[in-house]
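A short write-up of the structure that comes next.
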Amino acid sequence: MKNMWTLLLMTVLMMIWGFNVPTIKILVTEFPPITITALRILTAGVVVFIILAFMRKVRRPTRQEGLYIIFGSMFSIVGHHYFLSNGLMETSAANGGLILGTGPLLTAILSAIVLKAMPSVIQMIGFILGGVGVAFIVLIGNQGVSGLSLGDLHVFLSILSQAFSFIIISKAAKTIDSRLLTGYMLLSGGAILFLISLGTEPGGLTQITDVPIYMWAIFLASAVLATAIGQMGYNFAISKIGPAEASIFLNLNTFFALVGSALFLHETITLFHLIGLVLIIPGVLFGSGAFEEMLRRRRRKAREQSQLNL
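The opening position of the sequence shown corresponds to residue 7 in my numbering, with each subsequent residue numbered one higher.
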């Protein structure tokens, strides 16, 4: 039952993250991209600590936990967002989407190597189905996969950084609350990104004052719902079901991003996009372990029933 509640939580989070994709696209057209990303992450970090203060969960990390926070923020926040923003400017949407779709499989491989957590056959089938579903969604409506470029390498480094961060979060969550870990990672990673933005976008802070007020409402919605609450929930799920199992839900992110783009940016959903969703849903059920848990519960009930009949 615990996994089923996690399945529901992660589905809702992926819907929020998916809708956040067109939101970010709107923001980066109005704001300097690195500057606004750093401010969004810093705002999310402050929101997380306000929530944790009400929950009485705030404490100073130990030295070992501090190392996890530093490495986690460098991979999850700085590396992932920096390489992704640069990569998507240098490659096609199809290439970038397909490379990002390898995240669950990369996480599963790293989990097997670092954590010795080998996925089951059913889970591997789920990773493959999810990847094929992402391919359907990304390739249809684009011009296909273009030749490899430096941007492709940057996107790959982005998703690899994120996969490494999932492993770090899984290990760190054994001693520190994953939600508190999220807050520290957002603040430290956001601060480093902000310093980077001062060098790459020297006039960024002056440019953000010339946008309409409603853009700041969009900014706050993205920072609070998607980045603060979304990241807290996702890292909490990693601590409960494992990094590989949690990462498979990222495939749903692709579909909800498409739906959000259709709603907010008036992009078109085709039959092939729906076929991709049909593949992604069983991929998530298999890869997350939810399907195997349902089988175990059914077998357990059958054994109990047979014992009662005896």
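Glycine residues also receive a C-beta, built at the ideal position from the N, C-alpha and C atoms.
- By the neighbour-count criterion, in which a residue is buried when 16 or more other Cβ atoms sit within 10 angstroms of its Cβ, residue 66 is exposed.
- Residues of the same chain with a CB within less than 7 Å of the CB of residue 242, apart from the 5 flanking positions on each side, are 184, 185 in chain order.
- Looking from the CA of residue 122, the closest CA among 260, 16, 290, 248 belongs to 248.
- In this structure residue 290 does not touch residue 107 by the C-beta definition: roughly 13 Å separates them, more than the 8 Å allowed.
- Contact annotation: residue 74 and residue 182 have beta-carbon atoms nearer than 9 Å.
- Look at the beta carbons and you see the segment 198 to 216 touching the segment 41 to 56: at least three pairs across the two are nearer than 8 Å.
- Setting aside the 5 residues that flank it on each side, residue 166 is surrounded in the same chain by 112, each with a C-beta closer than 7 Å to its C-beta; the list follows chain order.
- When rounded, the separation of the alpha-carbon atoms in residue 292 and residue 304 is 16 Å.
- Cα atoms of residue 164 and residue 41: separation of roughly 18 Å, rounded to the nearest angstrom.
- At least 9 Å separates the beta-carbon of residue 258 from that of residue 161.
- Under the three-pair Cβ rule at 8 Å, the segment 228 to 241 counts as touching the segment 17 to 28.
- Closest option to residue 30, judged by alpha-carbon separation, among 311, 263, 219: 263.
- Note that the C-beta distance between residue 110 and residue 256 is below 9 Å.
- Here residue 300 is exposed, its C-beta having fewer than 16 other C-beta atoms within 10 Å.
- For residue 251, the enclosing alpha helix (DSSP H) covers residues 249 to 253.
- Distances from the CA of residue 127 to each of 310, 295, 309 were compared; the closest alpha carbon is that of 295.
- Between the C-alpha atoms of residue 307 and residue 129 there is a straight-line separation of about 23 Å.
- Between the alpha carbons of residue 27 and residue 311 lies a gap of roughly 48 Å.
- The criterion of a C-beta distance shorter than 9 Å is not satisfied by residue 34 and residue 192.
- Within the model, the alpha-carbon separation for residue 245 versus residue 24 is close to 22 Å.
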